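Novice: Questions regarding the structure given below will be posed in turn.
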Amino acid sequence: MNILLGVTGSIAAYKAADLARRFVRRGWNVKVVMTRAATRFVGEWTFRSLSRNPVYVEMFPENGDWRPDHISLGEWPDVFLIAPCTANVIAKLAHGLADDLLTCTALAVTAPVIVAPAMNDRMWAHPATQANVVLLTSRGVSFVDVGTGDLACGYQAQGRLADLDAIENKVITMAKGETDE
Ligand SMILES: Cc1cc2nc3c(=O)[nH]c(=O)nc-3n(C[C@H](O)[C@H](O)[C@H](O)COP(=O)(O)O)c2cc1C
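Reading the sequence shown from the start, the letters are residues 84 to 264 in the numbering used here.
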């Protein structure tokens, strides 16, 4: 099982480190692609150590292969999980934007895509975000429902990253070829 873990610029990015660890413990091959904003929250080296693989951030890496990383990465996984996924990346995915390695890979990926959003409750409830979720769902992207509880902004509300168990179970379900329906 090859799992590509996308990490974006949410305060919940630290939880993705635990996800990487859990996946490795399952004996899965894990690669991590991060947005630049994600690297402000958790260092690349955390994911490099936990995933036991290089971490991918740059679209134009110094010593890149002749084959662009977004194409190689796009063909590699059995599942592409983006957790946590920001409102920004949800919007980019919905509209096909590809201005960084993670979003470019999302356009090139051949595997099923799972998105676990995390954001402030107003960002989550915003009609733009909700419309993007509906659009992506209609295209076959699978979402892990956000949780309710303490948010980094100080509120108790909906928008937290789902429990890691729920995310892990969704990955297992998708990997078995089962859909949400
Ligand atoms: C402390 C802090 C926490 C943030 N947490 C979130 C978050 O949980 N979800 C979200 O959508 N944006 C969050 N943001 C805003 C994103 O980091 C910002 O939109 C950024 O441009 C996202 O980049 P990316 O989507 O390329 O990773 C946060 C910003 C700050 C300063």
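From the three backbone atoms N, C-alpha and C, an ideal C-beta is built for every residue, glycine too.
All values derive from a computational prediction rather than experimental measurement.
Grouping DSSP H, G and I as helix and E and B as strand, with all else coil, what is Ile-94?
Specialist: Residue 94 sits at position 11 when you count from the first residue of the sequence shown. The answer is coil: DSSP assigns Ile-94 none of H, G, I, E or B.
Novice: Can you find a heavy atom of ligand 1 that lies under 8 Å from the Cβ of Asn-203?
Specialist: Indexing the sequence shown from 1 puts residue 203 at position 120. Checking every heavy atom of ligand 1 against the Cβ of Asn-203, one is found closer than 8 Å.
Novice: Buried or exposed for Phe-143, going by 16 or more other Cβ atoms inside 10 Å?
Specialist: On the sequence shown, position 60 is the one that residue 143 refers to. By the 10 Å Cβ count, Phe-143 comes out exposed.
Novice: Would the C-beta of Pro-210 count as close to ligand 1, meaning under 8 Å from any of its heavy atoms?
Specialist: Within the sequence shown, numbered from 1, the residue matching residue 210 stands at position 127. The answer is no for Pro-210.
Novice: Comparing the CB of Ser-134 with every heavy atom of ligand 1, is any distance shorter than 8 Å?
Specialist: In the sequence shown, residue 134 corresponds to position 51, counting from 1. No.
Novice: Which term fits His-178, buried or exposed, when burial requires 16 or more other beta carbons within 10 angstroms of its beta carbon?
Specialist: Mapped onto the sequence shown, residue 178 falls at position 95. Result: exposed.
Novice: Compute the minimum distance between the beta carbon of Met-206 and the heavy atoms of ligand 1, and state whether it is under 8 Å.
Specialist: As a first step, residue 206 is located in the sequence shown; it is residue number 123 there, counting from the start. Yes, the beta carbon of Met-206 sits closer than 8 Å to at least one heavy atom of ligand 1.
Novice: Based on the DSSP output, what are the partners of Phe-226 in its beta bridges?
Specialist: Numbered from 1 along the sequence shown, position 143 holds the residue referred to as residue 226. Phe-226 pairs with Val-198.
Novice: Taking Ile-255 as the reference, which of Thr-91, Trp-111, Arg-104 has the closest Cα?
Specialist: Residue mapping note: residue 255 aligns to position 172 of the sequence shown, counting from 1. The candidate whose alpha carbon is nearest that of Ile-255 is Trp-111.
Novice: Would you kindly work out how many angstroms separate the C-alpha atoms of Phe-124 and Ser-93, rounded to a whole number?
Specialist: Locating residue 124 in the sequence shown gives position 41, counting from the first residue. Locating residue 93 in the sequence shown gives position 10, counting from the first residue. Cα to Cα, Phe-124 sits roughly 7 Å from Ser-93.
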